[in-house]
Every structure is written in C-alpha cells, then in structure tokens.
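Each residue of the sequence shown is one higher than the last, beginning at 17 in the working numbering.
Glycine included, each C-beta is placed from N, C-alpha and C at the ideal position.
From a predicted model like this one, the values you see are computed outputs, not experimental measurements.
Everything below concerns the one structure shown next.
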Amino acid sequence: MKRYALPLLAGLLAGAALFSPDAGALTPWLRWAGYLLAAWGASWPAPRLQWAPGFWAVFALWAVRAWWLHNPPGAAAEAWWALLAAGLGPVLAYFTTARGYDPHFDLVVPWVYGHLARRQGTRPHTLLRLAQVQPAHRVLDVGGGAGRTARYMEHARQVVVLDPSPFMLAEARRRERLQPVRGFAERLPFPAAAFDRVVIVDALHHMRDQQAALAEVWRVLAPGGRFVLEEPNPQHPVGRAIAWGERLLGMPSRFHTPEHLAAQFPHARRVHIEKDAWRAWIVVEKA
C-alpha cells in the first residue's frame with residue numbers, strides 16, 4: 017500500500033492544480049504543475065525510463081480539461097504544457113525512484129557501456145600488467161557493470177563481475193566465462209579471502225561509501241593477493257574536467273588524489289602508485 021501512497025497523493029494534487037479557480041498570471045504554471053504531478057505519479061516508481069504511463073495519464077486529464085473548459089483554443093494552448101509535462105514527469109519519476117546506486121548507469125548502458133563491452137576495443141594494457149592475472153586466480157571486478165574490463169581476464173579460473181545495476185549485468189551475461197553478481201561494493205556478498213585478484217576500474221568515485229567499499233575489498237582479498245584500483249586523477253586537467261562533467265550531469269561522484277587512496281591501506285605489504293596522463297592506478301598487495 018505504501019508504494020501507491022505517493023502516486024495517489026500526486027493524483028489528488030494534480031486534480032487540485034488542474035481544476036482549481038483561476039490564479040491570474042500563475043494559472044499556466046499551476047496547470048503545468050498539475051500535469052507534471054500526474055505524469056510523475058503514473059510513472060513512479062520507475063525502474064526504467066518509460067513514457068507511456070505518464071503520457072496516457074496526462075492525455076486523460078487533458079481530455080477532461082478540454083471538455084470542462086468548452087474552449088477549443090484554450091485547450092489547444094494547454095496541450096503544449098501537457099505535452100511538456102508528459103515528457104518531464106517520467107524523467108522526474110526515474111530519478112526519484114530509490115535504487116541505492118547512481119541511476120545514470122541504467123540510462124547509459126544500452127548506448128555506451130553495452131556497446132563498449134561488445135566491441136573489440138583497446139586492451140587495458142596497464143591494468144592487466146599491474147593485476148598479473150594468472151589462470152589459477154579467482155578474480156573479482158567490483159563495479160564491473162557490463163564486463164568491458166573483466167572480459168580481458170577470462171583466462172582466470174573464476175571471474176566475478178559485481179554491480180548493483182541489473183541492466184549493466186545483463187550485458188555481462190553475454191560472456192559465458194563471466195559470473196555476474198548483483199550487489200553493492202559496500203556489502204560484498206562473498207566470504208573473507210575469496211579472491212586472489214580484485215579490480216575496481218573507473219567506478220570508486222561513483223560509490224556512496226568509498227571507505228566501506230575499500231574495507232570490503234581488503235576483507236575478500238586473499239593473503240598474497242593483489243588489488244588494483246584505476247581512477248581518473250583529479251590533479252590532472254583532464255581528470256578535473258571529468259569531475260566537473262559528472263557534476264553537471266547530476267552524478268554524485270567524489271574523486272580523490274591517488275595519494276589519498278593509497279593511504280587507505282596502512283596494513284598492506286606494499287602499495288604502489290602509477291600514473292599515466294590523466295589516469296592513476298593504485299596497486300595494493302596483501303601480506
């Protein structure tokens with residue numbers, strides 16, 4: 017019942033906004049807010065972007081309004097406000113649906129990460145050199161999403177791709193040698209010392225509790241194992257541009273210097289930092 021409480025409230029408020037008395041100059045905005053609430057309420061919760069429910073809810077309300085107004089020119093003018101609300105309402109519903117992770121990845125996977133995971137692109141030579149994955153190793157790719165990095169480590173005994181987004185993992189399932197697991201880096205669903213190699217590639221800055229995620233990586237890393245973290249370097253102009261770009265897109269990303277990230281492993285046998293242009297790799301070896 018709680019799931020329908022907010023949409024029901026949105027519907028009541030939409031009706032009040034659409035059929036309230038004239039409010040002078042604010043009237044068009046009030047009507048638009050009513051249509052927007054209707055589109056949001058019909059679409060929420062939104063695991064994926066879908067416009068049909070919001071569109072039909074707005075269309076039904078606009079039809080009732082058109083009949084109620086008995087003013088064809090006024091109804092036609094209001095249709096533009098309704099159409100705008102029908103487009104924005106589902107987007108608002110999508111970004112207000114709780115996921116526990118950055119919802120942008122559910123949007124971009126069909127267009128970006130899925131395409132990159134399927135095409136034969138440039139091998140991550142530096143990452144592979146630093147990880148030194150052997151056939152007998154058990155490998156965990158945290159935040160590996162569509163498997164665009166893990167596919168280069170398929171020669172290992174076991175390659176697990178962990179990600180919270182089911183749509184990202186759907187792409188990883190296309191690779192027979194990869195084992196997709198849905199979960200959060202802050203609560204890895206694996207026993208201690210379960211993996212010989214752990215990698216996080218361009219994903220840590222998206223995680224909500226980075227310290228907890230790194231602590232979990234340390235827990236599941238076996239003695240003698242190696243963890244490789246690849247991140248944009250915010251000290252470099254390109255790295256700063258990436259950080260600003262993600263902020264402009266509304267992503268809750270947080271970037272740290274390589275030195276700060278390396279300092280999170282005081283008990284490691286060895287911590288090594290390597291930089292190449294705007295990227296940085298932190299290599300952690302467990303005693």
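Integer Cβ distance of residue i from residue j, believed to fall under 8 Å
i, j, result
"PHE292", "VAL215", "Residue 292 is actually Asp in this sequence, not Phe. With a Cβ gap of about 16 Å, ASP292 and VAL215 do not count as contacting."
"PRO151", "HIS171", "6 Å"
"PRO180", "GLY261", "With 8 Å as the limit, PRO180 and GLY261 do not qualify as a contact, their Cβ atoms being about 22 Å apart."
Range of the contiguous alpha helix (DSSP H) that encloses residue i
i, result
"ASP122", "120-124"
"PHE281", "Taken as a continuous stretch (DSSP letters only), PHE281 belongs to no alpha helix (DSSP H), as it is neither H nor E."
"VAL214", "Taken as a continuous stretch (DSSP letters only), VAL214 belongs to no alpha helix (DSSP H), being part of the beta strand (DSSP E) at 211-217."
"GLU187", "182-188"
Cβ-based neighbour list, residue i, same chain, cut-off 7 Å, excluding 5 preceding and 5 following
i, result
"GLN251", "THR273"
"MET17", "Here MET17 scores only 47 on pLDDT, less than 50, and its place in the model should not be relied on; the value that follows carries that caveat. Answer for MET17: no residue qualifies."
"ARG81", "LEU34, ALA91 and GLU94"
"PRO196", "VAL177, LEU185, ALA188 and ARG189"
Close-in-space but distant-in-sequence residues of the same chain around residue i (CB under 6 Å, 5 per side omitted)
i, result
"GLY163", "ALA133, VAL177, ALA188, ARG191 and LEU194"
"GLY57", "PRO23, ALA26 and GLY27"
"ALA102", "ALA55, GLY70, PHE71 and VAL74"
"VAL287", "ALA278, PHE281 and VAL300"
Beta-carbon gap between residue i and residue j smaller than 8 Å
i, j, result
"THR165", "LEU146", "no"
"LEU53", "LEU85", "no"
"ARG47", "TRP97", "yes"
Residue i, enclosing beta strand (DSSP E) - first and last residue
i, result
"VAL336", "For the chain, the structure presents residues 17 to 303; residue 336 sits outside this window and is missing."
"LEU245", "237-248"
"TRP67", "Premise fails: TRP67 is in no beta strand (DSSP E) and is neither H nor E."
"TRP56", "No beta strand (DSSP E) contains TRP56, which is instead part of the alpha helix (DSSP H) from 43-59."
"ASP196", "Checking the sequence, you will find Pro at residue 196 rather than Asp. Per DSSP, PRO196 belongs to the beta strand (DSSP E) from 194-198."
Chain D contact for residue i (CB, 8 Å cutoff)
i, result
"ALA91", "No chain D appears in the structure shown, which is made up of a single protein chain."
Beta-carbon contacts of residue i that lie in its chain and below 8 Å, excluding the five residues immediately before and after
i, result
"ASN249", "GLY255, THR273, PRO274, LYS291, TRP294, ARG295 and ALA296"
"GLN227", "GLN280"
"PHE111", "PRO119 and GLY266"
Three or more C-beta pairs closer than 8 Å, one from the stretch 59-69 and one from the stretch 105-115: is that the case here? yes
Just checking, does the stretch 233-244 make contact with the stretch 205-220 on the three C-beta pairs under 8 Å criterion? yes
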